[in-house]
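Numbered as in numbering that gives the first Met the number 0, the sequence shown ends at 102 without a single skipped number. For every residue, glycine included, the Cβ atom is placed at its ideal position computed from N, Cα and C. Let me begin by presenting the structure, written as structure tokens, before commenting on it.
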Amino acid sequence: MNNDKNKNMTKADIVDIISTSTGIAKVETEAVVKGFMDTVIEALKNGKSIELRGFGSFRVVKRAQRVARNPKTNEEVIVPEQHVPVLKISREFKKAVAENSTP
0 MNNDKNKNMT KADIVDIIST STGIAKVETE AVVKGFMDTV IEALKNGKSI
50 ELRGFGSFRV VKRAQRVARN PKTNEEVIVP EQHVPVLKIS REFKKAVAEN
100 STP
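Below you can see the structure in the form of structure tokens.
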């Protein structure tokens with residue numbers, strides 16, 4: 000796993016932890032993690048929402064077109080309408096993190 004200087008976990012770190020805790024081979028664990036990620040992406044691309052109780056829900060929201068400014072030139076630019084993925088964390092998840100959080 001990453002050293003203490005880097006607090007970000009990678010997909011490889013997650014695979015290692017799951018593999019160690021379940022006894023499932025890393026290759027198989029990596030395939031499952033990749034399959035999960037691919038399934039979420041594909042579902043969202045097809046307009047579906049995903050609810051994982053106790054974790055959160057994934058959905059796509061439409062962001063309206065807006066006017067922004069280029070910070071270097073102060074010129075107005077139009078940011079087109081976008082569809083962006085959103086993860087709303089569940090109350091249980093928030094509570095668990097708040098109770099056991101170390102900065």
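(1) Sort Lys47, Glu41 and Leu51 by Cα distance to Ile88 and report the nearest one.
(2) Hey, Arg68 and Glu74: beta-carbon distance below 8 Å or not?
(3) Which class does Ala63 belong to by DSSP, given the choice of helix, strand or coil?
(4) Do Gly46 and the ligand ATP come close, with the Cβ less than 7 Å from some heavy atom?
(5) In the DSSP assignment, the beta strand (DSSP E) including Lys87 goes from what residue to what residue?
(6) Under three-state DSSP, which class holds Phe54?
(7) When we look at the beta-carbon of Thr28 and count the other beta-carbons within 10 Å, is it buried (16 or more) or exposed?
(8) With respect to the alpha helix (DSSP H) encompassing Glu29, which residues constitute its N-terminal and C-terminal limits?
Here's the rundown:
(1) When each option's Cα is compared against that of Ile88, the closest is Leu51.
(2) A contact, by the Cβ cut-off of 8 Å.
(3) Secondary structure of Ala63 (DSSP, three-state): coil.
(4) What this structure holds is no ligand at all, so the ligand ATP is not there to describe.
(5) Counting along the chain, the beta strand (DSSP E) containing Lys87 begins and ends at Gln81 to Ile88.
(6) Per DSSP, reduced to three states, the secondary structure at Phe54 is coil, with no helix or strand assignment.
(7) Burial of Thr28 is indicated by the presence of at least 16 other C-beta atoms within 10 angstroms of its C-beta.
(8) Per DSSP, Glu29 is one residue of the alpha helix (DSSP H) stretching across Lys25 to Lys44.
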